[in-house]
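Worksheet: the structure to be examined is printed underneath.
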Amino acid sequence: MVSLTVFLIAWIVLLAIFGLLVLLTLVQMLRHGLPSPSTYVTTFLFLLVTAGVVIGTSWYLTGVDWNATINLVPESILPFFLGGQEA
Amino acid sequence: MIDLSKLPGGAADEENVFFLRPHWLVLLPIIAGFGVVLVLPFAVWFGLQTMNPAFFETPGYETLYVLGASAFFLYAWLFLFQIFIDYFLDIWIVTTHRIIDIQQHGMFGRTTSELLLDRVQDVSSDVRGFIHTVFDYGNVHVQTAGERERFVFENVPHPVHVSKRILELAERRRTATPTVSRTE
Numbered sequence: 001m002v003s004l005t006v007f008l009i010a011w012i013v014l015l016a017i018f019g020l021l022v023l024l025t026l027v028q029m030l031r032h033g034l035p036s037p038s039t040y041v042t043t044f045l046f047l048l049v050t051a052g053v054v055i056g057t058s059w060y061l062t063g064v065d066w067n068a069t070i071n072l073v074p075e076s077i078l079p080f081f082l083g084g085q086e087a
Numbered sequence: 088m089i090d091l092s093k094l095p096g097g098a099a100d101e102e103n104v105f106f107l108r109p110h111w112l113v114l115l116p117i118i119a120g121f122g123v124v125l126v127l128p129f130a131v132w133f134g135l136q137t138m139n140p141a142f143f144e145t146p147g148y149e150t151l152y153v154l155g156a157s158a159f160f161l162y163a164w165l166f167l168f169q170i171f172i173d174y175f176l177d178i179w180i181v182t183t184h185r186i187i188d189i190q191q192h193g194m195f196g197r198t199t200s201e202l203l204l205d206r207v208q209d210v211s212s213d214v215r216g217f218i219h220t221v222f223d224y225g226n227v228h229v230q231t232a233g234e235r236e237r238f239v240f241e242n243v244p245h246p247v248h249v250s251k252r253i254l255e256l257a258e259r260r261r262t263a264t265p266t267v268s269r270t271e
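Chains U and F are the protein sequences, given in the same order.
Just so you know, we're using this note's numbering here: the first sequence kicks off at 1 and counts up by one.
Just so you know, we're using this note's numbering here: the second sequence kicks off at 88 and counts up by one.
See below:
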């Protein structure tokens with residue numbers, strides 16, 4: 001059994017790396033792009049969708065009981081690995 | 088940002104003639120492929136709900152799925168944006184004096200080359216394939232006196248018109264600067 005907080009921490013780490021990559025990508029786009037509406041519109045759209053997903057996920061995560069644990073191998077498939085014996 | 092009105096090393100009488108980047112249709116297959124990838128987390132969710140509703144009733148599985156799917160979606164979305172940048176930042180600028188070729192290679196690779204128009208010897212274009220012909224886009228090859236092809240404008244709109252115009256500009260430039268050595 002694994003605590004759900006382990007997955008939350010992994011997700012936060014992935015999100016931090018993602019944030020760093022987004023920052024580098026935006027610097028590239030805004031430094032080397034042309035000052036045209038298409039540059040601003042596409043950058044804004046990218047940030048809008050990103051913010052939507054992060055905010056939506058965070059909103060969902062506020063309602064989760066983080067003290068819960070999770071069994072990574074479903075009990076229904078344990079007999080398959082244990083040769084027909086129940087765990 | 089690149090200011091087209093103040094290109095580095097530009098002469099006072101230099102004017103921009105073309106600003107080119109690959110035709111938007113080049114992006115379409117990539118966007119379609121990524122569309123499928125981006126829809127995948129939602130499709131799997133609905134698939135599981137329909138075929139195995141008990142899956143999300145297992146404590147913690149729904150949370151695990153949301154965490155995994157959101158991370159997958161965000162990274163796929165970022166990767167799509169980086170591919171778009173790779174396309175968007177590949178540009179060719181043709182002025183009355185020179186051709187500037189700016190190529191983006193991945194996230195950090197960037198090449199900028201310049202060719203004076205009076206060195207241009209030959210310009211050709213090719214449009215190959217049904218889609219290219221219908222939407223009028225293709226390659227423009229710019230050749231200098233050397234053996235090696237100097238520039239290739241890949242998948243630019245109206246390649247025939249662009250190649251003709253560059254030849255005209257090169258000819259005009261050569262007649263305007265007769266003292267330039269052409270012994271290459």
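C-beta atoms are modelled at their ideal positions from N, C-alpha and C, and glycine is treated no differently.
Of the listed residues the options, nearest to residue i (C-alpha basis)
i	options	result
Ile172(F)	Thr39(U), Thr62(U), Leu48(U)	Thr39(U)
Gly121(F)	Glu102(F), Ala158(F), Asp90(F), Leu165(F)	A small correction: the amino acid at residue 121(F) is Phe; Gly does not occupy that position in the sequence shown. The candidate whose alpha carbon is nearest that of Phe121(F) is Leu165(F).
Ile218(F)	Trp111(F), Ile89(F), Pro95(F), Tyr174(F)	Trp111(F)
Met88(F)	Thr57(U), Thr42(U), Ser36(U)	Ser36(U)
Gly193(F)	Leu167(F), Phe142(F), Asn139(F), Leu256(F)	Leu167(F)
Leu30(U)	Gln169(F), Leu203(F), Val239(F)	Gln169(F)
Val206(F)	Arg185(F), Gln190(F), Phe133(F), Ala130(F)	Sequence inspection shows Arg at residue 206(F); the Val mentioned does not correspond to that position. Taking only the C-alpha atoms, the option nearest Arg206(F) is Arg185(F).
Tyr162(F)	Leu61(U), Leu4(U), Ala16(U), Val2(U)	Ala16(U)
Phe240(F)	Ala232(F), Ile187(F), Ala257(F)	Ile187(F)
Val13(U)	Pro116(F), Ala158(F), Glu144(F)	Ala158(F)
His245(F)	Pro95(F), Gly96(F), Pro109(F), Arg237(F)	Pro109(F)
Val243(F)	Phe175(F), Thr137(F), Thr150(F)	Phe175(F)
Lys93(F)	Trp59(U), Leu24(U), Leu34(U)	Leu34(U)
Val89(U)	Ala119(F), Phe195(F), Pro116(F), Glu149(F)	The requested residue 89(U) is not part of the displayed model; chain U covers only 1 to 87.
Leu44(U)	Tyr60(U), Ser58(U), Thr25(U), Asn71(U)	For the sequence presented, residue 44(U) should be read as Phe rather than Leu. Nearest of Tyr60(U), Ser58(U), Thr25(U), Asn71(U) to Phe44(U), Cα basis: Thr25(U).
Leu21(U)	Thr50(U), Trp66(U), Asn71(U)	Thr50(U)
Gly96(F)	Arg260(F), Gly134(F), Leu203(F)	Leu203(F)
Ala232(F)	Thr220(F), Ala257(F), Arg215(F)	Ala257(F)
Val54(U)	Ser3(U), Asn71(U), Phe18(U)	Phe18(U)
Ala130(F)	Phe160(F), Val229(F), Arg237(F)	Phe160(F)
Run of the alpha helix (DSSP H) containing residue i, from where it starts to where it stops
i	result
Ser157(F)	148-175
His32(U)	4-32
Ile178(F)	Element bounds for Ile178(F): not the alpha helix (DSSP H) but the beta strand (DSSP E), 178-182.
Val123(F)	115-138
His110(F)	Unbroken run through His110(F): none, as it is neither H nor E.
Leu254(F)	246-263
Segment limits, beta strand (DSSP E) that includes residue i
i	result
Thr39(U)	No beta strand (DSSP E) contains Thr39(U), which is instead part of the alpha helix (DSSP H) from 37-61.
His192(F)	185-192
Gly225(F)	224-231
Arg197(F)	196-203
Leu107(F)	103-107
Val210(F)	207-213
Residues that residue i contacts on chain F, provided the C-beta gap is smaller than 8 Å
i	result
Leu4(U)	Gly147, Thr150, Leu151
Trp59(U)	Correct list: empty, because the minimum Cβ distance to chain F is about 11 Å.
Val49(U)	Trp164
Beta-carbon neighbours of residue i, restricted to chain F and to distances below 7 Å
i	result
Val53(U)	Ser157, Phe160, Leu161
Phe7(U)	Leu151, Leu154
Phe44(U)	In chain order: nothing, as chain F lies at least about 12 Å away.
Leu14(U)	Ala158
Leu20(U)	Chain F residues near Leu20(U): none, gap ~11 Å exceeds 7 Å.
Val64(U)	Thr150
Residues that residue i contacts on chain U, provided the C-beta gap is smaller than 8 Å
i	result
Arg197(F)	His32
Met194(F)	Leu24, Thr25, Gln28
Where residue i meets chain F, residues with beta-carbon distance less than 9 Å
i	result
Ile70(U)	Thr145, Pro146, Gly147, Tyr148, Thr150, Leu151
Pro35(U)	Met88, Ile89, Asp90, Leu91
Val41(U)	Residues of chain F passing the Cβ test: none, with the nearest at roughly 11 Å.
- Against chain U: residues of the segment 155-168 of chain F by CB proximity under 7 Å: Ser157, Ala158, Phe160, Leu161, Tyr162, Trp164, Leu165, Phe168
- Any contact of the segment 150-167 of chain F with the segment 4-21 of chain U, i.e. 3+ C-beta pairs under 8 Å? yes
- Query: Is the number of C-beta pairs between the segment 90-110 of chain F and the segment 175-185 of chain F that are closer than 8 Å three or more?
  - Reply: yes
- Can we say the segment 191-199 of chain F touches the segment 214-231 of chain F, given the rule of at least three CB pairs closer than 8 Å? no
- Short-range partners of chain U found in the segment 168-183 of chain F, where Cβ spacing is below 9 Å: Phe168, Gln169, Phe171, Ile172, Phe175, Leu176, Ile178
- Query: With a cut-off of 8 Å, do at least 3 Cβ pairs link the segment 210-217 of chain F to the segment 244-255 of chain F?
  - Reply: yes
- Three or more beta-carbon pairs under 8 Å between the segment 128-137 of chain F and the segment 54-70 of chain U, yes or no? no
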